[in-house]
Structures are given as structure tokens and as C-alpha cells.
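J.:
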Amino acid sequence: MAQTLVEKIWAAHVVAELGDDTDLLHIDRLFLHERSGGRMLQGLADAGRPVFDPAMAFGTLDHIIDTDPGRTDRTKFPGGAEFIRAFREGTTAAGIRIFDIDDPSQGIVHVIAPELGVAQPGLTLVCGDSHTCTVGGMGALAWGIGVTQGEHVLATQCLPMQRPKQMRVRFEGALREGVTAKDMVLHLIRLHGARGGDGCAVEFAGEAVRALSCAARMTLCNMAVEFGAWTGIIAPDETTFAYLRGRRYAPQGADWDAAVAWWRTLASDDDATFDVEIVIDAAELRPSVTWGTSSEQTVGVDEPVPSPAAIGDAVARASAEKALRYTEVEPGRPLAGTAIDAAFIGSCTNSRIEDLRAAARVLAGRKVAKGVLAICVPGSTPVKRQAEAEGLDRIFREAGFQWREAGCSLCFFNGGDSFGGARRVISSTNRNFENRQGPGVRTHLASPLTVAASAIAGAIADPRDYLRR
Amino acid sequence: MEPFVRLEGVAAPMPIDNVDTDAIIPSRETQSTARTGYGEKLFANWRYRPGTREVQPDFVLNRPRYAGAQALVAGRNFGCGSSREAAVWSLSQFGIRAVIAESFGAIFRNNCIRNGVLPVALPIEAVEALLAELQDEAVAPRLAVDLEACTVRSPSGAVYPFEIGPLDREMLLEGADEIALTLKKRPLIEAFRARDRALRPWVYAR
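Protein chains in written order, with the working numbering: chain E, 1 to 469; chain F, 1001 to 1206.
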């Protein structure tokens, strides 16, 4: 019988059928971080349960550690030292390998999982973070879990999971200059809503997806969760294999050949059926920016912000009105030209070397507008080192950007680090929720290109104007 | 885990979509490695004046009419966003044992089931009707949610049946320890791994 990509990977992991369309799935890899990893391990220890297979788990410090140069275990996040201590103790006691603050491989979990070759095609991979779907870009079946399910995986190397509905989103045609994977996913969520993914396993496919680098594929899959999908995934191909080959935890020697042979079978069959299929013309897309407090509240940078009066039913309308009250954006006018106080490039969405190179194209030879606080936080220590080897750090610094150590940083406000008094921030991150990046901070999500262009302009700007010159 | 069988009590209306986990519990409120103490942190950005613990009298859970709420009714995609399980802990430790919405964030929903909080998905028309009744000042805002019968009864007596998977239902009704249930399948897990190791040896390489 014809199968989708997700059905093939799923079938390879069924330990037992539990009824109610639910299977006990083997989980190949668990990634822990210091925000919730220590709590999972403590919960397990309190219940007197050993870790089933510590070699299938990895850990990193990213969520609450500082990103200032010269950082130590001390954190601006109140109570951070206790999280770090509990994480180190728990992982050491369990025999789980972690990439600590001073490790040259440290970084945001979803950035380093592919860099290390931990995330591979056809693996099931979970992590106590909603953006675990990011590594679907490598062809892994990956999703975020809570602390209790994390304990479940640590104790059993399995999770009971209900078989998801299947959706395919095809981006046909080619992207135009200045339009990126971030704009693809923001546009998708704009069209179909923050619940448009309907809890499905979403396969991204089509000519424009095939043409993306691994980094861009991860940007696309990263925001599957903002689309309301259970996860996102892209069929592995030569781009994926070339990226993975030789990485530390990638298969080696004869294993590599066997793995690639299996990975080549991991594509949806031609006659596979999906519960939902969406087709988008990639050539129609433009740089996108969010105007509200949900990623569905997105518009092209040069298009007018919609009026709530034109939006759906009463609840949806009330939600849009609440969002506009918060963001203080005027409907009926484009966002371009709206003054900003800060610009942020970083996060598991857009902090890879390709993202920094793109932003540097806009920043080279230019200066951040007066009064704009501009911050770049590379996604991992290897990304930071690579950028420095290419001289990108100089371009960022000379433009007026802070150049920081790797971590999740200001993607979310945790009570410590902040944008100072900034009210309006353009950000390459994934969530524009109320107060997400700080009390009262209005977040506009956009691609690194758009963030860089806006930092220069001092107002939300169309990056295409900066690429042409 | 505390079983959920039925509840009859005050329900608070939140007539908006996409109530995210950052709203349910802001990141800065999760500064402890413990699993307790989250009740007072629920909806902290909406419930209190900025940067304080002074009550915002307009926020729905602060209104005397909805005091002691045991259920919430909201629009689409409730609990979207972060995987933080503290979002569910803050609801349950505040006293909210059921959330009725058109749909839920997938991770939040999974976390609810494992913490004795019932997520009830109803069509948007039913949600809007419930919201209207709960907002009607002439009526006491009380709902009955019955997991054995899989129904919600509105203040006026309208009954809305809902669907929930039998495994999720059973776990809530019995307050089951899911990890213990899986551990009983250890021989099946070992057998799978032995088969799988032959097929995908690289997954098990050390």
C-alpha cells in the first residue's frame, strides 16, 4: 500500500499497537536542555526509575544561560544557577553526554542537533521544546514534549502516540530575490491560520522546498508548530546527505552506506494520499512581517494591515482587535515605515550561518539607525566561529550590532536579559505573543534580511530595497 | 495523578483565539525547578498590573462573578506555543480542571491529559454559545463537565456531547501512571530493539 514519508518512518518505530489508532513508538533520540532537562531527570529519580538508554540522550545548555561575551554560570535569569546545577548533576548521574557552556559544540538544541549529526533522516527525535519540529528539515520525525513525556522517554525509550493526520504543503515555482524560507512559512500561516496545521504531520514539498539549503529547510519546519501542526518534515535528499556526511554522530563507514540506502526510500510514494493538501506558488511570495500577536497575523511588508472588521467570526475579530490594541499598529496602512526600537537576529528559527550571511549582505557598509538597539546571537558556538572565520562578525559589529555568544537569548524574556526600554522589536524569531520578548514589547517577526534592512532604516523596511542597490 | 471524572462549577469565558502558553504562564514566572507553586502565576501578565502582584480587576478570573473557576472556555488553538508543562500545572494548581475550546496546541493537550486536566474540543458554534451564556450577567456561570458521559452542560441546560480518544479518556478517568503502563511492556521494547538493531545498526552505534 502506498505510504507517506511520515507513515514510513512511523511504521519503522512501532513497538506495539495500543488500540485507538495509537502505537507505542520507539524514540531514537532525546535531546535535553537546562530549562527542563534537570526536572525530567529529577522526576525520574524521585520515582526510583533508571534511565533506559543514556547513550540515546544528549543535552545542551541554551535556554537560560547568558549570551554576553565572557559569560559564566551566573545568569541574569533569576535562579538560573540552580537550573544549571540540577542539569549537570542529573545528566552526570545518568551518564548523558552534554554540551556545556564552554564546549565548542554548544548551542541552541535545534541548531546543534543537525550540526552534530544527532538529527538524521528517519529517526524519531524528541525534546522538551516545542520547536523540536525544526529538525524535520533533516528528514527526522521530531516533535516537542512536556516534562512528563520526557520522563517517559528517559524511562522507556518509547512514547505512546496517536497516529496523526497527514498533510502536504507544496511550494511550487521558485522564490524571488529577497524572499526566504521564513517568508514561506509566515505566508502559509497567514493563509491558513495558526491552527491551519490542525495537529497534522505536515510534509513540506515542491520545487521551492527542494531548492532550499538544510538551514532554510529547518527554518521552514521550525514554524510548523506555529502553524498548529504536530510536526513538519521534509524528505531527505542529496542536500541532506551531503550536509550530514562526516558529522560527529552521523553513521560512519559501512553504516553510512546502509543508512543512505534506507534514507533514499524515505519519500512519500507517488500515489500516497494525504488528508489535506495545500499548494502555494512560491513565485508570488514577498517578504512578510507580523502585525499582531499571533503568527497568523502576517502581511507582506508593503501590503496594508487588514482591518479587523474584515476578519472572520466574532471570536477571531475580537482576537485581532485585542492584538492591534497591544501592538498599536494602524490597520489599512503597510507596516513598512513603522519605527522600531530594536532588532534581533537569532533563535532556532534563523541563527544559522546562512542566516548570518544573508543579514551581512544587507549590513555590509551600512550603519544601524541611531537609537536602534541591534543584537545578533549566533545559534551555536560553531556558527559563531564560522562567522568569525568569514569576517561576518566584523560586518555586524561595524554596522552597530552586538555580537554575542550562542543561546536562545532574547527570543523570550525570562526575567533577566532584556531589550532595555525598547517597545517595538523586529525579530528573526518565531513568536510574537504578548510580552514574549519583554513586558509590553511588541514583536514583529520577519526574516533575517528584513530584520537587517529594518535595523538600518530604523523602521520596518523591505529588504529588496537593500539588495538591489 | 488525580483522576478526572466530572466537575460542576464556575467556568470563566475567554472569548479569544490562540491563548498561548506564554500568556498562561510567562517564562519569567518559571524560575523554580519544582513542580509546585504555579497557581498564583497563572495568566500573570493579564491577572496583575505590570511588574507587580496588584490585581487587574477587569481580568476575567479576578471578577467576583467568576471566583473559584474550575473551568475555562476559549476560542481556537488554546495552549498554542511553548511545551512548558508549567502551563498545565498553573491551571490545575489554580483550580482549573477542564478547558473547553475549539482546538488546542498539540503539546499542551498532551500535557493536560498527563496532569488530570480535561481538554474538551467543541465546534466553534458550541463554544460561542457557551461563551454567550457564561457572559450573560443574568445567569450563574456554572457548567457541568462529565467525562464518563462525554458531555458539557451549559448554565441553561443545553447539553454538548464531545469526543475524546478512549485511551486519553481512560487515563484521565483512572488517573493512570502512563510510564508504569509502558514499563510493563519492557519485553516488547527489548524485542523491538533487537529486530531494529539488525535493520538500522547505526541508530544503536555507540
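From the three backbone atoms N, C-alpha and C, an ideal C-beta is built for every residue, glycine too.
All values derive from a computational prediction rather than experimental measurement.
Measure the alpha-carbon distance for Ala1069/F versus Phe1108/F and round it to whole angstroms.
T.: 20 Å
J.: Taking DSSP as the reference, what is the three-state secondary structure of Ile345/E?
T.: strand
J.: Identify the contact partners of Val1203/F in chain E, using a Cβ-Cβ distance below 8 Å as the criterion.
T.: Chain E residues near Val1203/F: Asp28, Leu123.
J.: Where does Gly107/E fall in DSSP's three states?
T.: strand
J.: What is the rounded straight-line gap between the Cα of Val118/E and the Cα of Arg1053/F?
T.: 44 Å
J.: Where Ala81/E and Glu1029/F are concerned, what is the direct C-alpha to C-alpha distance, given to the nearest angstrom?
T.: 16 Å
J.: In the DSSP assignment, find the beta strand (DSSP E) that holds Val1010/F and state where it starts and stops.
T.: 1006-1014
J.: By DSSP, does Ile101/E sit in helix, in strand, or in coil?
T.: coil
J.: Quick check: the segment 457-468 of chain E against the segment 242-258 of chain E, are there 3 or more CB pairs under 8 Å?
T.: No, because fewer than three Cβ pairs between the segment 457-468 of chain E and the segment 242-258 of chain E fall closer than 8 Å, the two stretches do not touch.
J.: Hey, out of Arg1186/F, Arg1197/F, Ala1044/F, whose CA is closest to Ala1086/F's CA?
T.: Ala1044/F
J.: Below 8 Å on the Cβ atoms is my contact criterion, and I expect Leu220/E with Phe241/E to pass it. Report the Cβ-Cβ distance as a whole number of Å.
T.: Their Cβ separation, rounded to whole angstroms, is 19 Å, which puts Leu220/E and Phe241/E out of contact at 8 Å.
J.: Nearest-angstrom Cα distance between Gly300/E and Glu328/E?
T.: Cα-Cα distance, rounded: 18 Å.
J.: Run through DSSP, which three-state label would Ala446/E get?
T.: coil
J.: What is the DSSP secondary structure of Ser418/E, counted as helix, strand or coil?
T.: DSSP, read as helix, strand or coil, puts Ser418/E in coil.
J.: Helix, strand or coil: which one does DSSP assign to Ile1096/F?
T.: coil
J.: In whole angstroms, what is the alpha-carbon distance linking Glu7/E and Leu1183/F?
T.: Looking at the two C-alpha atoms, the distance is approximately 25 Å.
J.: Find out if the Cβ-Cβ distance for the pair Arg29/E, Glu151/E is shorter than 9 Å.
T.: no
J.: For a test of the three-state rule: what should DSSP assign to Met218/E, helix, strand or coil?
T.: helix
J.: Extract the residue ranges of the beta strand (DSSP E) inside the segment 1058-1094 of chain F, only unbroken runs of 3 or more that lie entirely within it.
T.: 1071-1074
J.: Who pairs with Phe401/E in a beta bridge, going by DSSP?
T.: Ala374/E
J.: What three-state label does DSSP hand Asp183/E in the structure shown?
T.: helix
J.: For chain E, find out if any of its Cβ atoms is closer than 9 Å to the Cβ of Asp1208/F; answer yes or no.
T.: Any property of residue 1208/F remains undetermined from this structure, which presents chain F solely from 1001 to 1206.
J.: Please report the Cβ distance between Thr1036/F and Gly38/E, rounded to the nearest whole angstrom; I am assuming they are in contact, meaning their Cβ atoms lie under 8 Å.
T.: Not confirmed; about 16 Å, so no contact.
J.: List, in order along the chain, the chain E residues whose C-beta lies closer than 9 Å to that of Ala1067/F?
T.: Residues of chain E passing the Cβ test: none, with the nearest at roughly 23 Å.
J.: Check this for me: beta carbons of Pro251/E and Gln120/E, under 9 Å apart or not?
T.: Yes, the pair counts as a contact, with Cβ atoms nearer than the cut-off.
J.: What whole-angstrom Cβ distance do Ala406/E and Ala342/E have, given they're in contact under 8 Å?
T.: That pair is no contact at about 20 Å.
J.: By how many angstroms is the C-alpha of Ala1074/F removed from the C-alpha of Leu212/E?
T.: 38 Å
J.: Taking only beta-carbon positions, decide if Ser307/E is within less than 9 Å of chain F.
T.: no
J.: Quick one, which residues of the segment 1173-1185 of chain F are near chain E if we go by CB-CB under 7 Å, in chain order?
T.: Glu1178, Ile1179, Thr1182, Leu1183, Lys1185
J.: Please name the residue, chosen from Asn1018/F, Ser1082/F, Asn1077/F, Leu1072/F, that lies closest to Ser1092/F on a Cα-to-Cα basis.
T.: Leu1072/F
J.: Taking only beta-carbon positions, decide if Thr1151/F is within less than 9 Å of chain E.
T.: no
J.: Would you report the Cα separation of Gly206/E and Ala1012/F, rounded to the nearest angstrom?
T.: 45 Å
J.: Where does Arg436/E land, buried or exposed, given buried means 16+ other C-beta within 10 angstroms?
T.: buried
J.: Taking its Cβ as the centre, do 16 or more other Cβ atoms sit within 10 Å of Arg1063/F, making it buried, or is it exposed?
T.: exposed
J.: Going by beta carbon distance, what residues of the same chain come within less than 7 Å of Ala336/E, once the five residues before and after it are set aside?
T.: Val301, Asp302, Ile460, Ala461, Asp462
J.: At a cut of 8 Å, does the segment 55-75 of chain E reach the segment 400-420 of chain E through at least three beta carbon pairs?
T.: yes
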